Amino acid sequence: MRLSKTFIPTLKEIPSDAVIPSHQLMLRAGLMRQLTAGVYAYLPLGYKAMLKAIQILREEMDAIGGQEFHLPALNPESLWIKTKRRHIPNLILSIKERDLVLAPTHEEVVGWIAAMHIQSYKDLPQIWYQIQTKFRNEPRPRSGVLRGRQFIMKDSYSLDASWEGLDERYEAHAEAYRRIFRRSGLDFFVVGASSGAMGGSGSQEFMVDSESGEDTVARCKQCSYAANLEVATSGLAGIGRVPENNPVKEFPTPNVRTIDELATFLKTTDERLAKSVVYRHADTPLLILLVGNDQLNESKLSAALGEGAVRPIDAGELKSLTGADGGSIGPIGLKGFRIIADKRLENANGLISGANRNDHHVRNIDLQRDVHLDGYHDLRTVLPGEPCPTCGAPLIVANAIEIGHIFKLGTKYSEALNATFLDESGQSQPIVMGSYGIGVERIIACHIEQSHDEHGIIWNKVLAPFAVHIVAASMNNKETVLVANQTYRALSDAGIEVLFDDRASVTAGFKFKDADLLGMPLQVIVGERGLKEKKIEIKRRATGERTMVPADGVVNAVRSMLSE
RNA sequence: CGGGGCGUGGCGCAGCCUGGCUAGCGCGCUUGGUUCGGGACCAAGAGGCCGCGAGUUCGAAUCUCGCCGCCCCGACCA
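By my numbering, the letter at position 399 of the first sequence is numbered 387, and the numbering carries on one by one without gaps.
In structure tokens:
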């Protein structure tokens, strides 16, 4: 492409709305423009990069037997009512004129097609995928393209006759995803994840380490343990039992509200202080006991409780149910509450907790003896430095960007949509489904986050919109123009994608700055300086290293540099 | 949804507190000329319902109220 005829609006200054590097550079390099919050227009250069990523996705999905679909973005609302997903908060955008919604994902449509046409176990397995625009009612779009209301997803769906089959498809996807991200040149890692409200039995996320990430993950420095903080566990031991076991006893604790205040008041560590957190689950009041200042992890809580909305109880409700305010609540003498406890409290005794009477606590609580517990669950949030559950080394906790997520969905959607097949014994069975997503824009943005400098983007050769950026230093010098044109033709004829800065209106310095900003892997610089010796300069964007090559040897030189 | 910030030619900003004459600067854009290897120079130009609406006032970019939009932090995140 000749830059003089190409629409690549570069920006010298940083747009004030952009905060993170990928967002700034995607705007400055003319890859995209924002239309409204969370919605971006991709300009030719940005779209070209996305097509590169999409090509990799296609190849790797096809390689595991995936078949590409093009599915409707407009869905009847009724389809989503069937799967009970119509009214999930912040999920679906709808249109005003019809009972249609904009699809945020496509389990429903896939299930609908499967219900219609998958009849026998002989029709299974299937892997169906699509690379399309999806919509989400995102409450707060942010970080450029990393979190939008409209985005392009590669989503695939596996259909199987058995859970074993699902495991196979799931593994095939996990492997394909590793290849995809490796080929894209991303430095990524895989974490165990929450399947959240998607339902299902297993889930992993593909993550890129980044301060700008919106997910938080715990990782072990020593071994391969890594998990989203929503599900991460640590090897922290339970607090166990103490020898003396006296009867429970209430005692006054004036003006003590928090665990820290209680610890100070009693001049003790917080180990044997049991914190009470009060929630409602499907309208049942729920008391959750945690060790000391351990932080309740709501994702774990939801997962432990299963179906039904979970929310913190409000102060008024609490007072009327218990007669006390938050900070004075405990398991002893509490009526009408379901009580669960964190695993670290398993069978513990000698505990101190609220007395359900303001300014009073109870000591010597023995969970075995004194409390009717509805079970122990892992409910606490892991903190940095805690021992890895696998090897014991300290865990680190850091932000990350989710670039892919794979789910074992099971039969939740097939049952809701009546997508069944007849098994070998003629029994009707729900199809066992999996779902696997990759954010296309995030591949691009993450690559830029990981590969840029103060001058601009540094594309790798896989995602780069063009492999080579020719700079004709001056368009007023006849020989420069001649050789630059010859070089452009020769590289193009060799099948190399070339962007040729043939603009006569800007100076050489301007072109160099633009070339660094756009960041193609190789810059081929044609100018009088080199041509005096019949030579052309090749600059590697990544290292800045410059090589002089004979004018007629450029194609070979470029080829060999690109094949490194 | 809570908290904070911002909205002024295409982009980045000043002016607003303390109301006043023709709304200013840098970049970009147009025309002409000179330049031509790290975002050139000179000259002449074009381009603004100062986010929208109401109000206060002789007079509003500036003060008041309402609304809209965008960004950041939080909540949320299938």
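C-beta atoms are modelled at their ideal positions from N, C-alpha and C, and glycine is treated no differently.
Please read all numbers here as calculations on a predicted model, not as lab measurements.
Only counting the same chain, and skipping five residues up and downstream in sequence, which positions put a Cβ closer than 6 Å to that of residue i?
| i | result |
| --- | --- |
| H269 | L293, G296 and V298 |
| Q12 | I2 and A6 |
| G363 | I328 |
| G201 | N387, A388 and I389 |
| A25 | P129 |
| P242 | D347 |
Sorted by chain position, which residues of the same chain lie with C-beta nearer than 8 Å to residue i's C-beta, five sequence neighbours on each side aside?
| i | result |
| --- | --- |
| D258 | I247, D248, L250, A251, V279, G280 and N281 |
| R570 | No answer is possible for residue 570: it lies beyond the span of the chain, which begins at -11 and ends at 552. |
| I353 | V236, A262, G318, P319, I320, N337, G338, L339, I340, S341 and V359 |
| C379 | C208, Q210, C211 and Y213 |
| H58 | Q118 and Q120 |
| A312 | L306, G342, A343, N344, R345 and N346 |
| A461 | T468, A496, K499, I513, V514, G515, E516 and R517 |
So, at 7 Å on beta carbons, what are the nonlocal neighbours of residue i in its own chain, with the 5 sequence-adjacent residues on each side left out?
| i | result |
| --- | --- |
| E48 | A164, R167 and I168 |
| L261 | I247, L250, A251, G280 and I340 |
| E238 | A343, H348 and V350 |
Is DSSP giving residue i helix, strand or coil here?
| i | result |
| --- | --- |
| E48 | helix |
| F194 | strand |
| T468 | helix |
| A215 | strand |
| P273 | strand |
| N346 | coil |
| V27 | strand |
| R135 | strand |
| T221 | coil |
| P300 | strand |
| S341 | strand |
| S108 | strand |
| F(-5) | coil |
| G444 | strand |
| G226 | coil |
| M20 | strand |
| L333 | helix |
| S82 | strand |
Starting from residue i, trace the alpha helix (DSSP H) in both directions and tell me its first and last residue.
| i | result |
| --- | --- |
| W100 | E95 to H105 |
| R16 | P9 to R16 |
| M549 | V542 to L550 |
| I168 | W151 to R171 |
| K174 | Sequence inspection shows Leu at residue 174; the Lys mentioned does not correspond to that position. Note, L174: premise wrong, no alpha helix (DSSP H); not H, not E. |
| S308 | A303 to T310 |
| D248 | I247 to L254 |
Shortest alpha-carbon distance to residue i belongs to which of the options?
| i | options | result |
| --- | --- | --- |
| E96 | L505, P509, K323 and K70 | K70 |
| A482 | V459, E126, V543 and E521 | V543 |
| E485 | I431, S108, L154 and V546 | V546 |
| E442 | E286, L505 and I106 | L505 |
| S183 | R16, S287 and L550 | S287 |
| N233 | F500, Y424, G422 and Q356 | Q356 |
| G422 | K522, H161 and R326 | H161 |
| E334 | G532, L367, G54 and R128 | L367 |
| D540 | G201, E552, P113 and K523 | K523 |
| F(-5) | S222, R21 and P113 | R21 |
| M141 | M38, H105 and L217 | M38 |
| L79 | G223, Q138, E552 and E56 | Q138 |
| R326 | L274, E374, S290 and H365 | L274 |
| A455 | L224, L31, S264 and R528 | R528 |
| E374 | M463, R16 and L217 | L217 |
How far does the beta strand (DSSP E) with residue i in it reach, from first residue to last?
| i | result |
| --- | --- |
| V360 | One point to set straight first is that residue 360 is His, not Val, in the sequence displayed. It is not in any beta strand (DSSP E) - H360 carries neither H nor E in the DSSP assignment. |
| H58 | Taken as a continuous stretch (DSSP letters only), H58 belongs to no beta strand (DSSP E), as it is neither H nor E. |
| A206 | D203 to C208 |
| H435 | First-last for H435: V428 to Q438, but that is the alpha helix (DSSP H), not the beta strand (DSSP E). |
| I391 | L383 to G398 |
| L519 | Per DSSP, L519 belongs to no beta strand (DSSP E); it is in the alpha helix (DSSP H), E516 to L519. |
| L90 | L88 to L90 |
| T535 | R534 to P538 |
Could you please give me the residues that DSSP links to residue i through a beta bridge?
| i | result |
| --- | --- |
| W68 | For W68, which the question treats as bridged, DSSP gives no partner whatsoever. |
| A6 | DSSP, once it has assigned bridges, lists no residue as partnering A6. |
| Q114 | L147 |
| V456 | V486 and L510 |
| L289 | L289 pairs with nothing; no bridge assigned. |
| M141 | Q120 and G427 |
| Q417 | F409 |
| S264 | L277 |
| K523 | P538 |
| I327 | L275 |
The ligand NAD and residue i: does the residue's C-beta get closer than 7 Å to at least one heavy atom of that ligand?
| i | result |
| --- | --- |
| L479 | Here there are no bound small molecules, and the ligand NAD is not part of this structure. |
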